[in-house]
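Here is the structure we will look at, set down as structure tokens.
Numbering (the UniProt record's numbering), first residue to last: 1 to 503.
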């Protein structure tokens, strides 16, 4: 706590003034947190003074609150470039990042509990800069950091405002920022040290060395590339769901499942949404549950409980396994059930697939062709200065990229721009828009099958070996035959019948 107070005073965070009349005074409090290492051991204890932002008055104490969030696809793209080009990956942390934000509004806060000024105990803090807990604090910090990066010569990517690129005679640098966590990769060590030196002059920067743990994702480098793992995060999910003792299954979806007819008892809606939300984030490294989790998320709770439990069973037993750096393109599957439709896409950098798009499409979505085309345009906008390969599983999508004549997708605004010739097509081994290469991949070779209900488990294991995830085989017949067992009945049957278990 004393260390936090010293940092606040050093930064001149506030000025003690008499409490103004008819002015909203924001409260303050201490928040304590235990920071854990990836192996779940205690890293350090942390104390943070925060403002009670819920007591702020809109239009008086704050106006704009938006702050950009790093997209997982952007992280994959940068990791793919760094791995392919053998660039160093460095992790940085900004100490007390929010204290660097500049406030536009006049905000008053009570003095820190336990650290009131003995001479002026009734005074309040007139904030000179942002502080944790304020509604506008994330945006204030983001604006300050972005402005400094622009002065250094970086430019902000239009597709993802958390992604910054620097080109100069010394080389190229990619910088990702998520609040106060920074990932930096450069084409040369000299440029890397130069950027770190410039940032350290303006901010209290902590160099954490090579990238190892970022946003709950463990990064393990080896001679052939990198491994990504969310072992700690997966273990926490299983603990929260009380499923540490459950057995695993091969795929989260039965091959002949009718999602509209499955039903089970209702559960706590809040806890259900927490689990599904956590599973969605887990798909960053465990792509095999991506399709099932996103489908379950939009279902009625009573119909989706067993399905999300199946998804939990899929990765249970694998939380200590590593997933080889993203090799999991996906394709589209329409008419998957009567409730929702999904679109999938894969993007490759060199030979590394980096994007697995799974999003809800309109009830009358045109086709998987549209999914490939529109997500490809977004990726092109994100990395428009680098060489990319877009792998599509539909020849119709490939034809759109090849042809500048009128097409049945011309009703789309982006397609109209494309068809008018704003994107010039060049001929060659692959069809490319500048350095954007479009290739076709047969359905039988598409790794997206790992997200689907596959009857041939040998195919699942073959695909999982390519992705880098190890699956434990199990007979899925119990999940696909009526009457469907409750989860307790299912797990009890597994645990009491060792012949059916393959651990």
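Ideal placement from N, C-alpha and C gives every residue a C-beta, glycine not left out. It should be emphasised that the depicted structure is a prediction, and the values quoted were computed from it without experimental measurement.
| Query | Result |
| --- | --- |
| Compare the beta carbon distance of residue 164 and residue 81 with 8 Å and say whether it is the shorter of the two. | no |
| Considering only the alpha carbon of each residue, which of 117, 49, 73 lies closest to residue 159? | 73 |
| Can you give me the C-alpha to C-alpha distance between residue 389 and residue 135, rounded to a whole angstrom? | Caution applies to residue 389, whose pLDDT of 49 falls short of 50 and renders its modelled position unreliable; the value that the coordinates give is listed next. The straight-line gap from Cα to Cα measures roughly 41 Å. |
| Output the boundary residues of the alpha helix (DSSP H) element that contains residue 142. | 137 to 152 |
| From residue 231 to residue 284, what does the alpha carbon distance come to, in whole angstroms? | 12 Å |
| Going by the DSSP bridge assignment, what does residue 174 pair with across the sheet? | 165, 185 |
| Would you be able to state if there are at least three C-beta pairs under 8 Å between the region 77 to 93 and the region 178 to 189? | yes |
| At what residues does the beta strand (DSSP E) containing residue 98 begin and finish? | From DSSP, residue 98 is part of no beta strand (DSSP E); its letter is neither H nor E. |
| Among 271, 202, 128, which has the Cα closest to the Cα of residue 12? | 128 |
| Is it true that the region 95 to 106 meets the region 2 to 20, where meeting means three or more beta-carbon pairs spaced less than 8 Å apart? | yes |
| Does the Cβ of residue 229 have 16 or more other Cβ atoms within 10 Å, making it buried, or fewer, making it exposed? | buried |
| Run through DSSP, which three-state label would residue 58 get? | strand |
| Do you know how far the Cα of residue 92 is from the Cα of residue 221? | 17 Å |
| Roughly how many angstroms separate the alpha carbons of residue 291 and residue 121, rounded to a whole number? | 57 Å |
| From the DSSP output, in three-state form, read off residue 129 for me. | coil |
| Using 8 Å as the threshold, is the region 137 to 144 in touch with the region 63 to 79, meaning 3 or more CB pairs across them? | yes |
| Pop quiz: residue 51 and residue 32 are said to be a contact at Cβ under 8 Å. What is the actual Cβ separation, rounded to whole angstroms? | That belief does not hold up - the Cβ atoms of residue 51 and residue 32 are roughly 16 Å apart, past 8 Å. |
| Using only alpha-carbon positions, find the residue among 117, 125, 104 that is nearest to residue 110. | 125 |
| Assuming residue 178 contacts residue 70 under a Cβ cut-off of 8 Å, what Cβ separation, rounded to an integer in Å, is found between them? | 4 Å |
| Looking only at its chain, what residues have a beta carbon closer than 6 Å to the beta carbon of residue 495, apart from the 5 residues adjacent to it on each side? | Caution is warranted here: a pLDDT of 40 is assigned to residue 495, below 50, making its placement in the model unreliable, and the coordinate value is therefore given only provisionally. There are no such residues. |
| Can the beta-carbon of residue 105 be found closer than 8 Å to that of residue 61? | yes |
| Hey, quick one: how far does the alpha helix (DSSP H) through residue 160 stretch, first residue to last? | First-last for residue 160: undefined, no H or E at that position. |
| If we count the other Cβ atoms within 10 Å of its Cβ and call it buried at 16 or more, is residue 83 buried or exposed? | buried |
| Under the criterion of a Cβ to heavy atom distance below 7 Å, does residue 15 qualify as lining the ligand GTP? | In the structure shown, the ligand GTP is absent, as is every other ligand, since no ligand is present at all. |
| Count the other C-beta atoms from every protein chain shown that fall within 10 angstroms of the C-beta of residue 206, then say buried if there are 16 or more, exposed otherwise. | exposed |
| Would residue 96 and residue 204 be called neighbours here (beta carbons separated by less than 8 Å)? | yes |
| Could you pull out every residue in the same chain whose Cβ sits closer than 7 Å to the Cβ of residue 153, ignoring the five residues on either side in sequence? | 166, 168 |
| Closest to residue 273 by C-alpha separation, out of 245, 243, 237, 286, would be which residue? | 237 |
| Would residue 242 be called buried (16 or more neighbouring beta carbons within 10 Å of its own) or exposed? | exposed |
| Quick one: residues in its chain with C-beta nearer than 6 Å to the C-beta of residue 44, no 5 flanking neighbours on either side, listed in chain order? | 35 |
| Ordered along the chain, which non-local residues of its own chain (more than five positions away) have a Cβ less than 6 Å from that of residue 161? | 68 |
| Within its chain, find whatever has a CB closer than 6 Å to the CB of residue 1; leave out the 5 residues flanking it on each side and keep chain order. | 47 |
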